[in-house]
Amino acid sequence: MYLPIYLSTNTAISVKSIPPTSAMIGGMTQETSTHPVDPLTHLVGGNLDEPTDGAALAEAANYSRFYFQRLFRERTGETPGDCRRRLLLERAAYQLRHTKRPITDIALEANFDSLEGFSRAFRRGFGLSPSHYRRLEPFGWLLAAPNDIHYDPVIGAAVRLAQPRTEGGTMDLTDRLIDHDLWLTRRLLDAAGTLTDAQLDAPLPQPEHPITFEQPEKTLRDVLARMVFTKEVWVSAVQGRPGADVSDASIPKLRQRMEAAYGEFRAIVNRVRTEQLWDAEFVDMLCEPPETFTYGGMIAHVVTFSAYRRSAAIRALARHGVTGVGYGDPIEWELSLKPKTIDAK
828 MYLPIYLSTN TAISVKSIPP TSAMIGGMTQ ETSTHPVDPL THLVGGNLDE
878 PTDGAALAEA ANYSRFYFQR LFRERTGETP GDCRRRLLLE RAAYQLRHTK
928 RPITDIALEA NFDSLEGFSR AFRRGFGLSP SHYRRLEPFG WLLAAPNDIH
978 YDPVIGAAVR LAQPRTEGGT MDLTDRLIDH DLWLTRRLLD AAGTLTDAQL
1028 DAPLPQPEHP ITFEQPEKTL RDVLARMVFT KEVWVSAVQG RPGADVSDAS
1078 IPKLRQRMEA AYGEFRAIVN RVRTEQLWDA EFVDMLCEPP ETFTYGGMIA
1128 HVVTFSAYRR SAAIRALARH GVTGVGYGDP IEWELSLKPK TIDAK
């Protein structure tokens, strides 16, 4: 079968998926044995650019408007109109965070007649005005909802997201690898924030050069910046957007870039795992010439070289007398999750 990979809002190309995992309709998994998608969800959020109303949605579902409204509310806990308005606001929040498009254009695309109306609705949902939200560059873009239907920027449509892991829930190997990476990268950046620019830019005794076609990493700042950039560039490749701006490699900016890139990378990993798309392929248009990779291979690549660079950063920090970041063991992270107890005297 062929999996549509959306490279921009208007362009889609199909690349072969090995082995077949699901059929895709409008970016939504339509018929898989383990992850069926509610067709009503697809009707409401499968194409957010197409103007529609309750009557048109009901007609597309071959139901009366009254029955469609009741059925949708029973299944999701909200009306089709409320769900669609929320999805449009989530998409708008993502666009505010990740693009430089004028707020007025984003408001009109979210089906608001005026910037004032959009601003009021956005403030009710996110607690901030659109302009303030953009300046803060927050981590997430999802609104609270009575269901698991949310806007997914990877495909530009509504999906049912996997339920977040609750306290005491189980973690698989993917959770451990990705979450440990975030935890330790944060610690490394925090530790690097205690150093001077001269220390961050001091030449390493032996430059790090794990990938021969990339530039050697000659300083601790180079190593940290590459750790962040690796996730940024792969997220851009999957989503079909231009490469990230890497001009600012200050520690505060690296922290900010890391949080944003991790959230998007985590969303990609979650979807690949949930829908078992490890062998599905995508085209990386950032390569010259473009190349085809599997999602599983890309994720394994990021995990492998992130681990290498974390170890390199630990060694570089130690040369400056910073030794409180551990030695890169995921067990350290797992132990940190356990509740702390106080021995009774």
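Residues in the sequence shown are numbered consecutively from 828, following this note's numbering.
For glycine and all other residues, C-beta sits at the position ideal for the given N, C-alpha and C.
Keep in mind the model is a prediction, meaning the values are calculated, not measured.
May I have the straight-line CA-CA distance separating residue i from residue j, to the nearest angstrom?
i: LEU1022; j: SER1063; result: 30 Å
i: LYS781; j: HIS959; result: Outside the shown range of the chain (828 to 1172) lies residue 781, about which nothing can therefore be said.
i: SER891; j: HIS869; result: 18 Å
i: ALA1071; j: MET1085; result: 12 Å
i: ASP909; j: PHE949; result: 14 Å
i: ASP1175; j: LEU1144; result: Outside the shown range of the chain, which is 828 to 1172, sits residue 1175, and nothing can be said about it.
i: VAL1129; j: ALA1088; result: 12 Å
i: MET1125; j: PHE945; result: 38 Å
i: THR1150; j: GLN1083; result: 24 Å
i: SER1074; j: PHE1132; result: 22 Å
i: ASP876; j: ARG924; result: 19 Å
i: ILE1158; j: LEU1011; result: 11 Å
i: GLY1155; j: TRP1105; result: 26 Å
i: LEU963; j: ARG1098; result: 27 Å
i: LEU955; j: SER1138; result: 39 Å
i: ALA888; j: VAL981; result: 26 Å
i: ARG961; j: ARG947; result: 15 Å
i: ALA1127; j: PRO1043; result: 21 Å
i: GLY854; j: ASP1024; result: With a pLDDT of 31 at GLY854, under the threshold of 50, the modelled position of this residue cannot be trusted, and the question is left open.
i: PHE899; j: GLN922; result: 27 Å
i: VAL1142; j: PHE1120; result: Just to set this straight, residue 1142 is Arg in the shown sequence, not Val. For ARG1142 and PHE1120, the distance between alpha carbons rounds to 32 Å.
i: THR859; j: GLU1118; result: Only weak support exists for where THR859 lies, its pLDDT of 29 falling under 50; the value from the coordinates is given anyway. Their Cα atoms are separated by approximately 28 Å.
i: GLU886; j: ILE933; result: 28 Å
i: PRO907; j: ARG897; result: 9 Å
Among the options, which residue has its Cα nearest to the Cα of residue i?
i: HIS1147; options: GLN1026, ARG892 and ALA971; result: GLN1026
i: ALA1094; options: LEU915, LYS1058 and THR1119; result: LYS1058
i: LEU1081; options: ALA1052, SER1138 and PRO1043; result: ALA1052
i: ALA1076; options: GLN1066, PHE1056, PHE1092 and ALA1088; result: PHE1056
i: ALA1107; options: PHE953, VAL1096, GLU1035 and PRO1157; result: VAL1096
i: GLN1066; options: GLU1091, GLN1103, GLN1083 and PRO1043; result: GLU1091
i: PHE789; options: ARG897, LEU1031, TYR894 and PRO878; result: Beyond the ends of the chain as shown, which are 828 and 1172, falls residue 789; an answer cannot be given.
i: MET784; options: GLU943, VAL1060, TYR921 and GLY1151; result: There is simply no residue 784 to check, as the chain begins at 828 and stops at 1172 in what is shown.
i: ARG918; options: ALA885, GLY983, ASN889 and ALA883; result: GLY983
i: SER1163; options: ASP1006, PRO1034, ASP1024 and THR1001; result: ASP1006
i: ALA1018; options: GLU1161, PRO866, GLU1044 and VAL1152; result: VAL1152
i: ARG1068; options: PRO1043, VAL1110 and PRO1034; result: VAL1110
i: ARG1100; options: THR1001, ARG912 and ARG897; result: THR1001
i: ARG912; options: LEU898, ASN874, PRO1034 and ASP1024; result: ASN874
i: ALA920; options: PHE953, GLU1161 and PRO1117; result: PHE953
i: TRP1160; options: ARG1014, ASP1028 and GLU1102; result: ARG1014
i: ARG987; options: CYS1114, PRO866, GLU943 and LEU942; result: PRO866
i: GLY1123; options: GLU1102, PRO1116 and GLU1115; result: GLU1102
Just checking my contact of residue i with residue j at CB under 8 Å: how many whole Å lie between their CB atoms?
i: LEU1047; j: ALA1140; result: 7 Å
i: LEU1016; j: ILE930; result: Going by Cβ atoms, the distance from LEU1016 to ILE930 rounds to 31 Å, so no, they are not a contact pair.
i: ALA985; j: GLY881; result: In fact, because the Cβ distance is near 16 Å, the residues do not count as touching under 8 Å.
i: LEU914; j: TYR978; result: 5 Å
i: MET1054; j: ARG1136; result: 5 Å
i: LEU884; j: PHE893; result: Not quite, the Cβ-Cβ distance comes to about 12 Å (not below 8 Å), so this is no contact.
i: LEU969; j: ALA937; result: Actually they are not in contact, since the Cβ atoms of LEU969 and ALA937 sit about 15 Å apart, beyond 8 Å.
i: PRO1034; j: LYS1045; result: 5 Å
Does residue i come within less than 8 Å of chain C when only Cβ atoms are used?
i: ALA1094; result: Although the question refers to chain C, the structure presented lacks it and comprises just one protein chain.
- Message: Threshold first: 3 residues or longer. Then list the beta strand (DSSP E) segments lying entirely within the region 1008 to 1080, N to C.
- Response: 1030 to 1035 and 1044 to 1046
query = Which ranges would you report for the beta strand (DSSP E) in the region 1090 to 1116 if only whole runs of at least 3 residues count?
reply = 1108 to 1111
- Task: Could you say if the region 969 to 978 and the region 899 to 913 meet the contact criterion of at least three C-beta pairs nearer than 8 Å?
- Result: yes
- Query: Considering only residues of the region 870 to 924, which uninterrupted alpha helix (DSSP H) runs meet the minimum length of 4 residues and lie entirely inside it, listed in chain order?
  - Reply: 881 to 887 and 892 to 903
Run through the region 929 to 971 for me and flag every whole beta strand (DSSP E) of 3 or more residues, listed as ranges in chain order. none
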